[in-house]
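Heads up: the sequence shown begins at 8 in this note's numbering, then just goes up one per residue. In this text, a Cβ means the ideal position worked out from N, Cα and C, and glycines have one as well.
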Amino acid sequence: MMIKIAHLYPDMLNLYGDRGNIIALTQRMRARGIDVSVDQITMGKSFNTDDYDILFVGGGQDFEQDVLLDDLKKGKDIEIKRAIESGKVFLAICGGYQMLGKYYKTYDGKMLEYMGALDFYTEGKEERMIGNYAFKTKEGIEIVGFENHSGRTYLGKGVEPLGTMIKGYGNNGEDGTEGVRYKNTFGTYSHGPILPKNSKFTDLLIELALKNKYGDVELTPLDDTLEQKAQQQVMNLYIK
Ligand code: GLN
């Protein structure tokens, strides 16, 4: 089996070790004998979503999000929408997550019109939402992460949240939701990076990608003792 990953804007959107998500995906697939390739889709480079099984984009500062807007609108937006609608597995973190919505109005009033691939919008405030946090998905997977964002995201009716908050701010600090979920696309404010800290969530993404490509595939379990202990330690130290 072979899984191909497209890493969007790896040089522009990479905060708090977001690149570690690619490493976690790759390692947990290789440990199961699955071949993995990763292509870096930088500014100026076009891509065809049909060539990939998993898409990933990290977070960034308002400045980088503004700089890459032109590039996004030169065709990557169309491919990203196509990927999302066709059910590709897509993980988007923080600034990259905001990019999938309708717009991001920065705290200092700059309007970044995004692609509206998903039904939500984001508005920034001067006071940032920062800290270790945790939330729970509808499968009951508990996720620990780290958030640092000025943007408050408000979901529309066309999407569901990725999880409900256990502790921290999440989408907007008001409605108890975190992230977004639509088909096999997952957006979250969780840096950290999220996947090495949360192996069950990593495996969910891998399983979905394999199912898309090869039909009903059962994931071989891996020995997760250390990963689970590390996650528990974070929960005990910062969350509970
Ligand atoms: N620049 C965005 C914000 O502040 C995203 C930040 C991030 O990716 N950590 O909301």
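Please state the DSSP three-state secondary structure of residue i.
i	result
G108	coil
F63	strand
V2	As displayed, the chain neither begins before 8 nor continues past 247, which places residue 2 out of reach and without an answer.
T192	strand
G103	helix
T144	strand
S157	strand
M172	strand
K204	helix
T184	strand
F70	helix
Y128	strand
I41	coil
L233	helix
L162	strand
Within 8 Å (strictly less), CB to CB, does residue i reach chain D?
i	result
V64	The structure shown contains no chain D; it holds only a single protein chain.
Per DSSP, residue i forms a beta bridge with which residues?
i	result
L76	Looking at the DSSP assignment, L76 forms no beta bridge with any residue, so it has no partner.
D46	A13
M136	H156
L119	Y111
L98	F63, F193
E167	R188
I150	F142
Are there any heavy atoms of the ligand GLN lying less than 7 Å away from the beta-carbon of residue i, as far as the coordinates show?
i	result
S197	no
D69	yes
L22	yes
Q328	Absent from the structure is residue 328, since the part of the chain shown begins at 8 and ends at 247.
H156	yes
G66	yes
L186	Looking at the sequence provided, one finds Gly at residue 186 rather than Leu. Incorrect: G186 has no Cβ contact closer than 7 Å to the ligand GLN.
G27	no
G222	no
G102	yes
G175	no
G123	no
So, are the CB atoms of residue i and residue j less than 8 Å apart?
i	j	result
Y104	T171	no
L229	R35	yes
G102	Q72	yes
T184	P168	yes
I213	L32	yes
L119	G67	no
I110	K132	Note on identity: in this sequence residue 110 is Tyr, with Ile being the wrong assignment. No.
G199	Y23	yes
V166	K204	no
I134	R159	Note on identity: in this sequence residue 134 is Glu, with Ile being the wrong assignment. Not in contact: E134 and R159 (Cβ atoms no closer than 8 Å).
T232	R39	no
G51	D78	yes
N173	E154	Asn is not the amino acid found at residue 173; the sequence shown has Ile there. Contact: no.
I41	I29	no
E234	S206	yes
L215	F208	no
Y189	I91	yes
M136	G180	yes
L217	M9	no
N219	G94	yes
With respect to 7 Å, is the separation between the Cβ of residue i and the closest non-hydrogen atom of the ligand MG below this value?
i	result
E133	As presented, the structure is devoid of the ligand MG, carrying the ligand GLN as its sole ligands.
**Asked** Is the region 91–98 touching the region 54–74 in the sense that three or more CB pairs, one from each, lie closer than 8 Å?
**Response** Yes, the region 54–74 touches the region 91–98.
**Message:** Whether or not the region 69–89 and the region 118–135 are in contact is what I'm after, with contact meaning three or more pairs of Cβ atoms, one per stretch, closer than 8 Å; do they touch?
**Reply:** Counting Cβ pairs under 8 Å, three or more are found: they touch.
**Item:** the region 135–151 / the region 237–245 touching (three or more Cβ pairs under 8 Å)
**Value:** The region 135–151 vs the region 237–245: in contact.
**Asked** Counting Cβ pairs closer than 8 Å, one from the region 213–224 and one from the region 43–59, do we hit at least three?
**Response** These segments do not touch.
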